[in-house]
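Shown next, in structure tokens, is the structure this report addresses.
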Ligand SMILES: [Zn+2]
């Protein structure tokens, strides 16, 4: 059947090439996959049609004759391109021991291969170095890179800068955020070790002025600034608490092992909770009882950086598989990587498959077998399934294809290369050789 579909696709190509007829209605048709689009409450088998980089239609039984290219997605899940709400990608400055440097990773090396099409850099840069970050990374990446500005003007360059209260300026931060609407999507306060509320207060000033959410990594646990007050008097509804299962700042009620009162009341007034599992921010001894008691995260993010890329976090689908193993449904983890983070950063144009939306799509398989998932203490939970990115589409272009779903058999008759470039933009260029292979 698969071969027949591919042969059909090849035949369709030849037909289109031979005639001067108008192009078919769709560039690309993903056929027969199980579509999960939480924003549109879709959770069943459907076809997804793409035209000119946008979602054209999502419906069962779309005609293969209406598409230039057909991909057989039967047995796979088709979701909006994933959004990783918390990553560190200000790579390439050469600065040692700095998230505005060596501790960050280049986004394209980590995103498409796990179904991610959009990342949110969580405060590597502040208002002083954001434009350098934009020039080096945001404007040069295939991944859609959005950013939260650090409330520290110098960003996450290390302790000397991040503890400097004099460089925490809500007004200057808001001004830079307003210069790049839709790209700067939040304000970050992080890593502060002092007893003062200054970084939180200034971040809320910036967030209020620029109409953006504040994401908080609450730094050291200090009795002078309790988590209850952060979540119930300092932050606004719509602000985001990350590293929710770290256990480093009284997230867990010591008696019930469920969420502490601050988290429950904070959620009640509209604060969001993000995983940001990172290198040292996720423990099963918190997550398992808290989720059992109903306290699931709003968003599943990695806190991707050099310290988490090869440890317990690995990548976003490993994080999602882990959360499925401890009590979340597939639909819930997909929502936590699509519609929910899109809402949190006020980019509801992303993270859904509505007709007219940008065609960012992840095609995912579920492998069954014996798997192990770990945490920051290197304790383990055994699992029976793992999510795997099969195919990733960004802006209607195929940017990752694990098993050659879109490829024709090697001995198929030659297709029309010009038409082919409408739907795929595999990075086959090698500038060092001065040739473009296709
Ligand atoms: Zn982080």
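In the working numbering, the protein residues as written are 141 to 578.
Even for Gly, the Cβ is constructed at its ideal location relative to N, Cα and C.
Model, not experiment: these values are computed from the prediction.
Anyone know if the C-beta pair for residue i and residue j falls short of 9 Å?
i	j	result
residue 163	residue 441	no
residue 298	residue 237	yes
residue 314	residue 349	yes
residue 362	residue 334	yes
residue 320	residue 374	no
residue 170	residue 485	no
Identify the continuous alpha helix (DSSP H) that holds residue i and give its terminal residues.
i	result
residue 530	Segment 520-534 is the beta strand (DSSP E) holding residue 530; no alpha helix (DSSP H) there.
residue 473	470-475
residue 326	From DSSP, residue 326 is part of no alpha helix (DSSP H) but of the beta strand (DSSP E) over 324-329.
residue 416	Neither: residue 416 is in no alpha helix (DSSP H) and is coded neither H nor E.
With DSSP as the reference, label residue i as helix, strand or coil.
i	result
residue 253	helix
residue 453	coil
residue 440	coil
residue 306	helix
residue 312	helix
residue 402	helix
residue 484	helix
residue 266	strand
residue 280	helix
residue 260	strand
residue 318	helix
residue 367	helix
residue 153	Low confidence applies here, because residue 153 scores a pLDDT of 47, under 50, leaving its location unreliable; read the following figure in that light. Note: residue 153 maps to helix in three-state DSSP.
residue 300	helix
Taking just the CA atoms, how far does residue j sit from residue i?
i	j	result
residue 359	residue 471	32 Å
residue 464	residue 439	13 Å
residue 516	residue 254	21 Å
residue 514	residue 417	11 Å
residue 391	residue 184	36 Å
residue 460	residue 393	25 Å
residue 199	residue 267	45 Å
residue 306	residue 289	16 Å
residue 296	residue 203	51 Å
residue 505	residue 216	5 Å
residue 539	residue 252	7 Å
residue 367	residue 343	16 Å
residue 399	residue 355	19 Å
Going by DSSP, what residue range makes up the beta strand (DSSP E) through residue i?
i	result
residue 505	501-514
residue 207	207-212
residue 341	It is not in any beta strand (DSSP E) - residue 341 instead sits in the alpha helix (DSSP H) that spans 338-350.
residue 296	Where residue 296 is concerned, there is no enclosing beta strand (DSSP E), given that its DSSP letter is neither H nor E.
residue 432	Taken as a continuous stretch (DSSP letters only), residue 432 belongs to no beta strand (DSSP E), being part of the alpha helix (DSSP H) at 424-432.
residue 199	194-199
residue 173	166-177
residue 411	Note, residue 411: premise wrong, no beta strand (DSSP E); not H, not E.
residue 190	182-191
Do you know whose CA, among the options, lies nearest residue i's CA?
i	options	result
residue 369	403, 480 and 354	403
residue 329	292, 491, 272 and 234	292
residue 548	209, 497, 172 and 501	209
residue 294	240, 342 and 180	240
residue 541	281, 484 and 502	502
residue 235	228, 243 and 229	243
residue 546	421, 523 and 213	213
residue 191	511, 454, 452 and 499	499
residue 324	468, 454, 553 and 261	261
residue 531	257, 196 and 233	257
residue 475	174, 426, 179 and 172	179
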